[in-house]
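> Taking numbering that gives the first Met the number 0, I'd label the letters of the sequence shown as residues 0 to 678.
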Amino acid sequence: MKEFILQVALDAPLDFCFDYRWEGAPGADVLPQVGQLAIVPFGRREVAGMIVGIGDQTDVPADKLKNALAVHRQLPPLSREWLALCRFAADYYHRPLGEVVIPALPKNLRGLKTVSLDRALKKLNKPREAHNATPANVPALNPAQQDAADAIAGATGFAPHLLYGVTGSGKTEVYLHAAATILSQANNHDNPAQILIMVPEINLTPQLEGNIRARFPNVMVATLHSGLAEGERLGNWLAAHLGHARIILGTRLALLASLPHLKLIIIDEEHDPSYKQQEGLRYSARDLAVWRARQLAIPLVLGSATPSLETWHHAQSGRYRQLDLRERAVRDAVLPTVRLINMEHDKPFEGITSTLLAALKLRLDRGEQSLLFLNRRGYAPVLACDACGWISNCTRCTAFMVLHKPDHRLRCHHCGLEHRIPKACPTCGNVDIQPLGRGTQRVEEGLQSLLPTARLLRIDADSTRRKGSAQAAFDSVHRGDVDILIGTQMVAKGHDFQNLTLVGILNPDTALFSQDYRASERLFAQLMQVAGRAGRVAQKEGGSASEVLIQTRYPQHPLYAAIIAHNYDRFANELLAERRQAGLPPFIFQALLRAEARELSIALEFLHTAAAAVTQSGIIINDPIPMTMTRVANVDRAQLLVECPSRPALQAYLSVWIAALRQIKTRARWSVEIDPVDI
Numbered sequence: 000m001k002e003f004i005l006q007v008a009l010d011a012p013l014d015f016c017f018d019y020r021w022e023g024a025p026g027a028d029v030l031p032q033v034g035q036l037a038i039v040p041f042g043r044r045e046v047a048g049m050i051v052g053i054g055d056q057t058d059v060p061a062d063k064l065k066n067a068l069a070v071h072r073q074l075p076p077l078s079r080e081w082l083a084l085c086r087f088a089a090d091y092y093h094r095p096l097g098e099v100v101i102p103a104l105p106k107n108l109r110g111l112k113t114v115s116l117d118r119a120l121k122k123l124n125k126p127r128e129a130h131n132a133t134p135a136n137v138p139a140l141n142p143a144q145q146d147a148a149d150a151i152a153g154a155t156g157f158a159p160h161l162l163y164g165v166t167g168s169g170k171t172e173v174y175l176h177a178a179a180t181i182l183s184q185a186n187n188h189d190n191p192a193q194i195l196i197m198v199p200e201i202n203l204t205p206q207l208e209g210n211i212r213a214r215f216p217n218v219m220v221a222t223l224h225s226g227l228a229e230g231e232r233l234g235n236w237l238a239a240h241l242g243h244a245r246i247i248l249g250t251r252l253a254l255l256a257s258l259p260h261l262k263l264i265i266i267d268e269e270h271d272p273s274y275k276q277q278e279g280l281r282y283s284a285r286d287l288a289v290w291r292a293r294q295l296a297i298p299l300v301l302g303s304a305t306p307s308l309e310t311w312h313h314a315q316s317g318r319y320r321q322l323d324l325r326e327r328a329v330r331d332a333v334l335p336t337v338r339l340i341n342m343e344h345d346k347p348f349e350g351i352t353s354t355l356l357a358a359l360k361l362r363l364d365r366g367e368q369s370l371l372f373l374n375r376r377g378y379a380p381v382l383a384c385d386a387c388g389w390i391s392n393c394t395r396c397t398a399f400m401v402l403h404k405p406d407h408r409l410r411c412h413h414c415g416l417e418h419r420i421p422k423a424c425p426t427c428g429n430v431d432i433q434p435l436g437r438g439t440q441r442v443e444e445g446l447q448s449l450l451p452t453a454r455l456l457r458i459d460a461d462s463t464r465r466k467g468s469a470q471a472a473f474d475s476v477h478r479g480d481v482d483i484l485i486g487t488q489m490v491a492k493g494h495d496f497q498n499l500t501l502v503g504i505l506n507p508d509t510a511l512f513s514q515d516y517r518a519s520e521r522l523f524a525q526l527m528q529v530a531g532r533a534g535r536v537a538q539k540e541g542g543s544a545s546e547v548l549i550q551t552r553y554p555q556h557p558l559y560a561a562i563i564a565h566n567y568d569r570f571a572n573e574l575l576a577e578r579r580q581a582g583l584p585p586f587i588f589q590a591l592l593r594a595e596a597r598e599l600s601i602a603l604e605f606l607h608t609a610a611a612a613v614t615q616s617g618i619i620i621n622d623p624i625p626m627t628m629t630r631v632a633n634v635d636r637a638q639l640l641v642e643c644p645s646r647p648a649l650q651a652y653l654s655v656w657i658a659a660l661r662q663i664k665t666r667a668r669w670s671v672e673i674d675p676v677d678i
């Protein structure tokens, strides 16, 4: 019996792999392979780990070397290309390899028992119809769409494209035409092809999945996102890993799926911050997609009406090929007219100005739909007492408790703390406590009193908590069962409302004066996206011209002028010039060290020690400061920003610096985020 040493990556905060003994008969048929899962003892537990190396030597003493218990042999090992992607992510984001490879797998695959795996494999291995990539019901493209689709499908090697198209310009059709060409060019047996299409949010998958299945009725499609039941996610992941699924649609976690025949990556709404993971491995799925496309030498499409400044900068410098769709795809469908309503002159009642109310009534009379956008859920952001000044602060966070009137609750959106709405002020006993500000619930209530015959529907995180409720709500809008839709950012992008001719935007001004340097970029993208829900089909005879009404107290702000002109090019170029002058991304590279502790002084003390731990020429270490939201769930938080104009120099510094941080004794918990998007 020959003995082998398995190098196994485990989901543990230790920056090395673990050696285990494997005893088996000689021969490749019984020897474990790199990329297979192994069950190993770890402390007092048995856990699943990934085999990342096999050898015959180890520096672990023989009396401490443990035996691997089992190996999952039921499915082919994950490819070396997939492991290389995980290694890159681990190195770039400075996390242990095991904290990348294991969480990237479905939970049912990481378990000690193989019952779920065996059941899923048996289901997948049932006889099925042969793969046929011939598309059905293919609409004709306009010249700009056709040129874009041809450029993507005809690209060879690593070819990143920015598909820059106004809302409603038919970017999805370009995706599907390019995918059809690539699928048809691939041979089923010798050279199969897989297409990865990514969207930023779960609620955008049903409509796009329906379009894909209708276009490719004989192609297996798999979805991957966190909203799936674990059994369903395992089945879809295995379909992708085994090559059965030719089109994979998903959110950011789909980027780390095993796709052995990947030939094209498409990232829709590439500007969306949801592509950045905000816990655990804080990776950018968009940035890793660029690396994966380069690794595999395949085309990449980044689609957006409002590209991120990083992507726009790459396109302007020639690193990415820019493909423009300047007009809406539907003939006679034009971009909506954008008008500003000065709230200093037209005072709102129940949050709605008389101008906007008249526009809503006009659409009701004509049987057309309207959308009111307010990116603030709940009834009101705060409950207050005029007598003594009490406000509904969260006792565990530096945040207000939001009033949720239908639930009779005050709720903190950060830590989840809930209280019943008090009948009187807890401080002075005043019974006349009032809500301040407006959320979607209050707008819905006020609009119902102003337009009692209108059929209203509110779509936000509160109204769509149950599985499937969001899709059911959007279906009712598409059926025409809704006159006025009230929603948050959930309704702002990706949805094709055929009868919607009016968008009203409430209270966007707060983002104009944010300390976040990305706030104006995000606000512009958000407003352009939600404005794009209007007028996506040709105007009906006698119908209303599509328009967007923005209620604001600052109508002279240059951001609104750019939105009125639908001029992202000018706005983005001006922002880039400001970023260059200020030394901000994409002209500098950043890492953020966060620390949290029961007392703010402990977190700040650690950060001051960290700032002095390693110094290096060219590295800018900013002063430690409390985070904007300093306290969350009784934990105080602070941060330290590190910057460098060279990405390689910053990465080299971080490798040394993080090793030094691990030697600092502290009661604070800390983490490092590379390329932070929220500072």
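For every residue, glycine included, the Cβ atom is placed at its ideal position computed from N, Cα and C.
#1: Quick one: Cα of Ala152 to Cα of Ala185, how far?
#2: In three-state terms, what does DSSP make of Pro40?
#3: Alpha carbon to alpha carbon, how far is Val289 from Gln6? Give it in angstroms, no decimals.
#4: When we look at the beta-carbon of His494 and count the other beta-carbons within 10 Å, is it buried (16 or more) or exposed?
#5: Tell me the DSSP secondary structure of Phe17 in three-state form.
#6: Since Cys384 and Asn429 are thought to touch, with beta carbons under 8 Å apart, how far apart are those beta carbons, to the nearest angstrom?
#7: When the distance is taken between beta carbons, is Ala386 closer than 8 Å to Ala424?
#8: Kindly indicate if chain C contains any beta-carbon less than 8 Å away from that of Arg630.
#9: Starting from the C-beta of Thr204, find all residues in its chain whose C-beta is less than 7 Å away, skip the five residues before and the five after it, and write them out in chain order.
#10: Tell whether a beta-carbon distance below 8 Å holds between Arg325 and Ala143.
#11: Can you say whether Ser183 is buried or exposed, counting buried as having 16 or more other CB atoms within 10 angstroms of its CB?
#12: If we ignore side chains and look at the alpha-carbon of each, how far apart do Thr310 and Tyr567 end up?
#13: First and last residue of the alpha helix (DSSP H) that includes Ala648?
#14: Would you check if the distance between the CB atom of Tyr274 and the CB atom of Pro159 is smaller than 8 Å?
#15: Since Leu499 contacts Ile458 with CB under 8 Å, what's their CB separation in whole angstroms?
#16: For Gly242 versus Pro191, is the C-beta distance shorter than 8 Å?
#17: Under 8 Å: do the region 464-476 and the region 508-517 share three or more Cβ pairs, one atom per stretch?
#18: If I'm right that Glu172 touches Ala328 with Cβ under 8 Å, what's the distance once you round it to whole angstroms?
#19: Any idea which residues DSSP pairs Val337 with across the strands?
#20: Nearest to Leu697 by alpha carbon, out of Phe17, Pro76, Leu13?
#21: Tell me Glu417's beta-bridge partners as DSSP assigns them.
#22: Grab me the residues of His556's own chain with a C-beta within less than 7 Å of its C-beta, minus the 5 sequence neighbours each way, in chain order.
#23: Return the first residue and the last residue of the alpha helix (DSSP H) that Leu82 is part of.
#24: If you follow the beta strand (DSSP E) that Ile485 is in, where does it begin and where does it stop?
#25: How big is the Cα-Cα spacing for Arg362 and Leu295?
#26: Given 7 Å as the limit, tell me if Arg578 has its C-beta closer than that to any heavy atom belonging to the ligand ADP.
#27: Buried or exposed: which applies to Leu522, given that a residue is buried once 16 or more other Cβ atoms fall within 10 Å of its Cβ?
#28: Using the beta-carbon count (16 or more within 10 Å), is Val114 buried or exposed?
#29: Determine the burial state of His344: buried for a count of at least 16 other Cβ atoms within 10 Å of its Cβ, exposed for fewer.
#30: Using only the alpha-carbon positions, how far apart do Ala332 and Gln525 sit?
#31: Just list the beta strand (DSSP E) runs in the region 337-401, keeping only unbroken ones of 3 residues or longer that don't cross its boundaries, in chain order.
#32: Quick one, which of Val634, Ile620, Ser475 has its alpha-carbon nearest Tyr652's?
#33: Where does Gly353 land, buried or exposed, given buried means 16+ other C-beta within 10 angstroms?
#34: Report the option in Thr665, Ser654, Glu595 whose CA atom is closest to the CA atom of Ala637.
#35: Taking the alpha-carbon positions, what's the Asn107 to Glu98 distance?
#36: Which residue comes first and which comes last in the beta strand (DSSP E) that contains Glu595?
Per the coordinate set shown:
#1: Here residue 152 refers to the residue found at position 153 when the sequence shown is read from its first residue. Here residue 185 refers to the residue found at position 186 when the sequence shown is read from its first residue. Distance between the alpha carbons of Ala152 and Ala185: 12 Å.
#2: Residue numbering aside, residue 40 sits at position 41 when the sequence shown is read from its first letter. It is a strand residue.
#3: Taking the sequence shown and counting its residues from 1, the one referred to as residue 6 is at position 7. Taking the sequence shown and counting its residues from 1, the one referred to as residue 289 is at position 290. Computed Cα separation, rounded: 29 Å.
#4: Residue 494 sits at position 495 when you count from the first residue of the sequence shown. Buried, because 16 or more other Cβ atoms sit within 10 Å of the Cβ of His494.
#5: Here residue 17 corresponds to residue number 18 of the sequence shown, with the count starting at 1. Phe17 falls in the strand class under three-state DSSP.
#6: Locating residue 384 in the sequence shown gives position 385, where the first residue counts as 1. Locating residue 429 in the sequence shown gives position 430, where the first residue counts as 1. Right, the Cβ-Cβ distance comes to about 5 Å (below 8 Å), so this counts as a contact.
#7: What you label residue 424 is simply residue 425 of the sequence shown in a count that begins at 1. What you label residue 386 is simply residue 387 of the sequence shown in a count that begins at 1. In the sequence on display, residue 424 carries Cys and not Ala. Going by C-beta atoms, Cys424 is nearer than 8 Å to Ala386.
#8: Looking at the structure shown, chain C is missing, and only one protein chain is on hand.
#9: Looking up residue 204 in the sequence shown gives position 205. Cβ within range, chain order: Val198, Thr222, His224, Leu248.
#10: Residue 325 sits at position 326 when you count from the first residue of the sequence shown. Residue 143 sits at position 144 when you count from the first residue of the sequence shown. Yes. Within cutoff.
#11: Counting from one through the sequence shown, the residue named residue 183 turns up at place 184. Exposed is the call here.
#12: Start at 1 with the first residue of the sequence shown, and residue 310 comes out as number 311. Start at 1 with the first residue of the sequence shown, and residue 567 comes out as number 568. Their backbone Cα atoms lie some 13 Å apart in a straight line.
#13: Counted from its first residue, the sequence shown places residue 648 at position 649. Per DSSP, the continuous alpha helix (DSSP H) segment holding Ala648 begins and ends at 646-660.
#14: Mapped onto the sequence shown, residue 274 falls at position 275. Mapped onto the sequence shown, residue 159 falls at position 160. The beta carbons of Tyr274 and Pro159 sit no closer together than 8 Å.
#15: Indexing the sequence shown from 1 puts residue 499 at position 500. Indexing the sequence shown from 1 puts residue 458 at position 459. Not confirmed; about 13 Å, so no contact.
#16: The residue you call residue 242 lines up with position 243 of the sequence shown. The residue you call residue 191 lines up with position 192 of the sequence shown. Yes, they are a contact pair.
#17: no
#18: One-based indexing of the sequence shown puts residue 172 at position 173. One-based indexing of the sequence shown puts residue 328 at position 329. The pair is a contact, with the Cβ atoms about 7 Å apart (cut-off 8 Å).
#19: Here residue 337 corresponds to residue number 338 of the sequence shown, with the count starting at 1. The partner list for Val337 (beta bridge, DSSP) reads Val547.
#20: Residue 697 lies beyond the residue range present for the chain, which begins at 0 and ends at 678; the question has no answer from this structure.
#21: Along the sequence shown, one-based indexing puts residue 417 at 418. The partner list for Glu417 (beta bridge, DSSP) reads Arg410.
#22: Position 557 of the sequence shown, counting from 1, holds the residue named residue 556. Around His556: Leu511.
#23: For the purposes of this step, residue 82 is taken as residue 83 along the sequence shown, with counting starting at 1. 79-91 is the span of the alpha helix (DSSP H), which, as asked, contains Leu82.
#24: Sequence index remark: in the sequence shown, residue 485 carries index 486 (1-based). Segment 483-486, the beta strand (DSSP E) holding Ile485.
#25: To locate residue 362, count along the sequence shown from 1; it is residue 363. To locate residue 295, count along the sequence shown from 1; it is residue 296. Each residue's Cα considered, the two are about 51 Å apart.
#26: In terms of ligand content, the structure shown is empty, and the ligand ADP therefore cannot be addressed.
#27: Position 523 of the sequence shown holds residue 522. Answer is buried; the Cβ neighbour count reaches 16.
#28: What you label residue 114 is simply residue 115 of the sequence shown in a count that begins at 1. Its Cβ having fewer than 16 others within 10 Å, Val114 is exposed.
#29: Taking the sequence shown and counting its residues from 1, one reaches residue 344 at position 345. Exposed, because fewer than 16 other Cβ atoms sit within 10 Å of the Cβ of His344.
#30: As a position in the sequence shown, residue 332 is number 333, starting the count at 1. As a position in the sequence shown, residue 525 is number 526, starting the count at 1. If I take the Cα positions, the gap works out to 21 Å.
#31: Unbroken beta strand (DSSP E) stretches of 3 residues or longer found wholly inside the region 337-401: 368-372, 381-384, given in chain order.
#32: By one-based count along the sequence shown, residue 652 stands at place 653. If we check each option's Cα against that of Tyr652, Ile620 comes out closest.
#33: Counting from 1 along the sequence shown, the entry for residue 353 is found at position 354. Per the sequence shown, the amino acid found at residue 353 is Ser instead of Gly. So Ser353 counts as exposed.
#34: Position 638 of the sequence shown, counted from the start, is the residue given in the question as residue 637. It is Glu595.
#35: Against the sequence shown, residue 107 aligns to sequence position 108. Against the sequence shown, residue 98 aligns to sequence position 99. Their Cα atoms are separated by approximately 17 Å.
#36: Taking the sequence shown and counting its residues from 1, one reaches residue 595 at position 596. Per DSSP, Glu595 belongs to the beta strand (DSSP E) from 588-596.
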